[in-house]
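One point on numbering: in our numbering, the residue at position 58 of the sequence shown is 61, and numbering is uninterrupted. Where a beta carbon is used, it is the ideal one built from N, C-alpha and C, also for glycine. Just so we're clear, the structure is a prediction, and the values are computed from it rather than from any experiment. Notes to accompany the following structure.
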Amino acid sequence: MGRGSWARLAPKYRRRRLAAGAVVLCLLALLAALVFCLAGGREQVEELLYPREYSQYVEKYSAQYGVDPLLVYAVIYNESRFRPDAQSEVGARGLMQMMEDAFEWTKYRLEPESDAVYDDMYDPETNIRYGTYMLSLLLEEFGTVDNALCAYHAGWGSVKNWLADPAYSSDGVHVETIPFADTRTYVERVNKTLQIYQRLYG
């Protein structure tokens, strides 16, 4: 093979060597991650993935209103991933994704004379205070975490109707069949997240 042929082939060999090197680096990174997990790093990674941000507010208001703080973290995680500026397509705002009607309903029960406005739901402390208080009311009214989560997502009236309907509740106490697919998925996700928080921090 002539010198010109080698010159033409050289870039191909270089590209192959670079590609092989990239594969080796990826494999080494995966191996390092595996060793890290086996050495006890998995829990540290999970704590980064499932943080307890705004703990000063979560701990304060969960204690004040008698709600498990880990449940509050699980709700925040699923509602906003701890983003205080989060806003959903339907207009829910803040860390715990309060809708305007839910905000007004909660405000009426929590502090009817307050000058709080819906825009305050972007404030982390106010949002957590209102969201946690709302959870406390739902837990008191409906008795179980699952029922309360259904009401948080689908509304108080929906859960009242489901509990009164034998198609969804055989005992009038537990919602055994959640008719709304999105609410069913929401309850499953929050419960799964709650289990992780309980394992990490419980």
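In the three-state DSSP reduction, Met137 falls in the helix class (H, G or I).
Considering only Tyr68, Val93, Ala66, Tyr57, the residue with the shortest C-alpha distance to Arg84 is Tyr57.
When Trp165, Pro127, Leu74 are compared, the shortest CA-CA separation from Tyr60 is found for Pro127. The alpha-carbon of Lys110 is positioned some 8 Å away from that of Ser117. Under DSSP, the beta-bridge partners assigned to Arg96 are Gln90, Met101. When rounded, the separation of the alpha-carbon atoms in Glu179 and Pro169 is 10 Å.
Residues of the same chain with a CB within less than 8 Å of the CB of Leu203, apart from the 5 flanking positions on each side, are Glu46, Glu49, Glu50, Tyr53 in chain order.
In this structure, Val70 lies away from Met99, with their beta-carbon atoms at least 9 Å apart. With respect to the C-alpha of Glu114, the residue from Gly160, Met101, Thr129 having the closest C-alpha is Thr129. Looking from the CA of Asn150, the closest CA among Arg132, Tyr133, Glu191 belongs to Glu191. Between the alpha carbons of Tyr136 and Gln90 lies a gap of roughly 20 Å. Taking C-beta atoms as the reference points, Gly205 and Leu73 count as a pair closer than 9 Å.
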